[in-house]
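Asker: Going by our numbering, the sequence shown runs without a break in its numbering and finishes at 127. We put the CB at the ideal spot given by N, CA and C, even for glycine. A single structure is presented below for examination.
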Amino acid sequence: MEASLTFNPFAIMLHRLLISVGGILFFHGAYSVYVERILLHGGTSLQYIPSTSLISQLAVSFLFLVIGITLSAPPLKNIYWKAELKQRSIDGFDSKMGFINLNTNLVALRKD
Numbered sequence: 016m017e018a019s020l021t022f023n024p025f026a027i028m029l030h031r032l033l034i035s036v037g038g039i040l041f042f043h044g045a046y047s048v049y050v051e052r053i054l055l056h057g058g059t060s061l062q063y064i065p066s067t068s069l070i071s072q073l074a075v076s077f078l079f080l081v082i083g084i085t086l087s088a089p090p091l092k093n094i095y096w097k098a099e100l101k102q103r104s105i106d107g108f109d110s111k112m113g114f115i116n117l118n119t120n121l122v123a124l125r126k127d
């Protein structure tokens, strides 16, 4: 079953709007933190904590960015392992020690 790709103009406009607004708010908040630090503390205080309004502005803008980027991502595709395994050889797989079943190997060694 394939997922049908439908392009909804409202969804495209919504994720572009969220990314744009989130980006503008994020850069504005970052610049405001920089200006507030320079003006209030002369740029010498290493223990500066931004005001609550700036922290909340940055958090909301980050949330807008995450939602916008998530909405703009293409839908996930199904993975068909049978077709994938036909294209690979045994050398392409990970051969870490974590995949070795030591119990069956020890039983085989003890029988000898």
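(1) Could you give the uninterrupted runs of the alpha helix (DSSP H) lying entirely in the stretch 66-106, keeping only those of 4 residues or more?
(2) Taking buried to mean at least 16 other C-beta atoms within 10 Å of its own C-beta, is L33 buried or exposed?
(3) If we count the other Cβ atoms within 10 Å of its Cβ and call it buried at 16 or more, is Q72 buried or exposed?
(4) I believe L69 touches G44 by the beta-carbon criterion, under 8 Å. Please report the beta-carbon distance rounded to the nearest angstrom.
(5) Please determine, among L40, V50 and V75, the residue with the shortest C-alpha to C-alpha distance to I64.
(6) Would you mind sorting R31 into buried or exposed? The rule is 16 or more other CB atoms within 10 Å of its CB.
(7) Quick check on the burial criterion: 16 or more other C-beta atoms within 10 angstroms. Buried or exposed for S76?
(8) So for I27, helix, strand or coil by DSSP?
Answerer: So, from the listed chains and residues:
(1) 67-87 and 96-102
(2) buried
(3) buried
(4) Yes, they are in contact, since the Cβ atoms of L69 and G44 sit about 6 Å apart, within 8 Å.
(5) The shortest C-alpha to C-alpha distance from I64 to any of L40, V50 and V75 is the one to V50.
(6) exposed
(7) buried
(8) It is helical.
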